[in-house]
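Q: This is the structure I want to talk about, given as structure tokens.
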Amino acid sequence: DVDRLIRRWRNEKYAPEILPFDKDVIQNMSELLEFVAETLDSERNEGEGQDPHDPDFCLRNIDLERMRYVLRDYLRIRLWKLTRWPQHYLEPKNQDLLSAAERAFLSEYWDNKRLFLDNRLLTTIPPSKRALNEKLDFL
């Protein structure tokens, strides 16, 4: 799963659009990272006579932090893309690419953005031009 997560992270980072969400990899890696963190914490608490600069322990901590970064950055990139183009990902054909949490985030984000625009901008322009989801043909 580590290799799959790194591959998904790199692909997501350089793709112009959101790629399909792999729920299994994300759940497995989240559980694995949580288990490793608990194991390292218990080793740290139990090993009072142990050298705190043990190379094995330090390397495992570094690797844990590295994988946490990859997982968080993967999810951060996906959220950035969602906030960048919310209307595109609200379309039904693009909903399959998102996780349930991303769908909830996107709908709340768009509702908040719509309310903000309605309160700050749209009340000052004529009623016929107020729709946010209308496509205007300027030709």
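Count the sequence shown with UniProt numbering and you get residues 1 to 139, in order.
Think of the CB as a built atom: it goes at the ideal place given N, C-alpha and C, for glycine as much as any other residue.
Just so you know, these numbers come straight off a predicted model, no measurement behind them.
#1: For Ser107, does the three-state DSSP call read helix, strand or coil?
#2: Assuming Asp3 and Met29 are in contact, meaning their beta carbons sit under 8 Å apart, how far apart are those beta carbons, in whole angstroms?
#3: What residues in its chain sit with their C-beta under 8 Å from that of Leu19, if we drop five residues either side in the sequence?
#4: In three-state terms, what does DSSP make of Ser128?
#5: Start and end of the alpha helix (DSSP H) containing Asp3?
#6: Where Leu33 and Arg78 are concerned, what is the direct C-alpha to C-alpha distance, given to the nearest angstrom?
A: Taking the coordinates as given:
#1: Within the sequence shown, residue 107 is the residue found at index 107, counting from 1. Here Ser107 carries a helix assignment [DSSP, helix/strand/coil].
#2: Locating residue 3 in the sequence shown gives position 3, counting from the first residue. Locating residue 29 in the sequence shown gives position 29, counting from the first residue. No, Asp3 and Met29 are not in contact; Cβ-Cβ is about 11 Å, not under 8 Å.
#3: Position 19 of the sequence shown, counted from the start, is the residue given in the question as residue 19. If we look at Leu19 and ignore the five residues flanking it on each side, its Cβ neighbours are Arg8, Asn11, Glu12 and Leu97.
#4: By 1-based counting over the sequence shown, the position of residue 128 is 128. DSSP places Ser128 in helix when its eight states are reduced to three.
#5: Sequence index remark: in the sequence shown, residue 3 carries index 3 (1-based). That run of the alpha helix (DSSP H) goes Val2 to Tyr14.
#6: Working through the sequence shown from its first residue, we reach residue 33 at position 33. Working through the sequence shown from its first residue, we reach residue 78 at position 78. Looking at the two C-alpha atoms, the distance is approximately 20 Å.
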